[in-house]
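The sequence shown begins at 143 in the working numbering and counts up by one.
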Amino acid sequence: MAIVRTLAGLTLAATAALALTAQTAHAASDTWGPYHAPGKAAKAAGTLTATGEDHADLPTADVVRISGKVQDNTRGAACGWAVFRITYRSGNELPNRERWARDCSYGSPKKFSFKHRDVYQVELKVCSEAKAAKPSLTCLYAGTWKTLYLSK
143 MAIVRTLAGL TLAATAALAL TAQTAHAASD TWGPYHAPGK AAKAAGTLTA
193 TGEDHADLPT ADVVRISGKV QDNTRGAACG WAVFRITYRS GNELPNRERW
243 ARDCSYGSPK KFSFKHRDVY QVELKVCSEA KAAKPSLTCL YAGTWKTLYL
293 SK
């Protein structure tokens, strides 16, 4: 009876260790950038870490952490913007939202860091434009987005 209990305990321990290894093996970390605004008026670069990828009907990462720096390369009144479009799972839908970081001080980059849950895709656009509370519609809708992460 003691041997059966010992074997059962070892089996449970091995199963738990394999499950933990499988969870940590799905952490995808990558650097991105540098990406520039037109005319190299602004620059952004950083890292993106995706953990807990779920490959269900709508594959997503449990948590995505994005960090980096955005730098304004103009001496005038313009600011450098790093704008992120995050597509996430909400039920059976994939809505998106924007997050951004802004730097208006020439030569001294601004650090940023944030995380989001149930992420399907992360895209980036770097813009240089006037100081404002949020990026302009031109920044958001003109030009192309760079894909930083896509859950597969």
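Heads up, the beta-carbon is just placed ideally off N, CA and C, and yes, glycines get one too.
Specify, as a first and last residue, the run of the beta strand (DSSP E) that residue i falls within.
i	result
T191	184-196
P176	170-178
K211	202-214
K288	288-292
Thinking C-beta only, is residue j closer than 8 Å to residue i?
i	j	result
K273	A219	yes
Y248	T202	no
N215	A184	yes
E265	W223	no
Q263	L282	no
W174	L290	yes
E235	V225	no
What span of residues does the alpha helix (DSSP H) with residue i cover, start to end?
i	result
P283	Residue identity differs from the one stated: residue 283 is Tyr in this sequence, not Pro. Start and end: 279-283.
Taking the DSSP output, what are the residues bridged to residue i?
i	result
R227	E240, E265
S232	E235
Give the secondary structure of residue i by DSSP, where H, G and I count as helix, E and B as strand, and everything else as coil.
i	result
G222	strand
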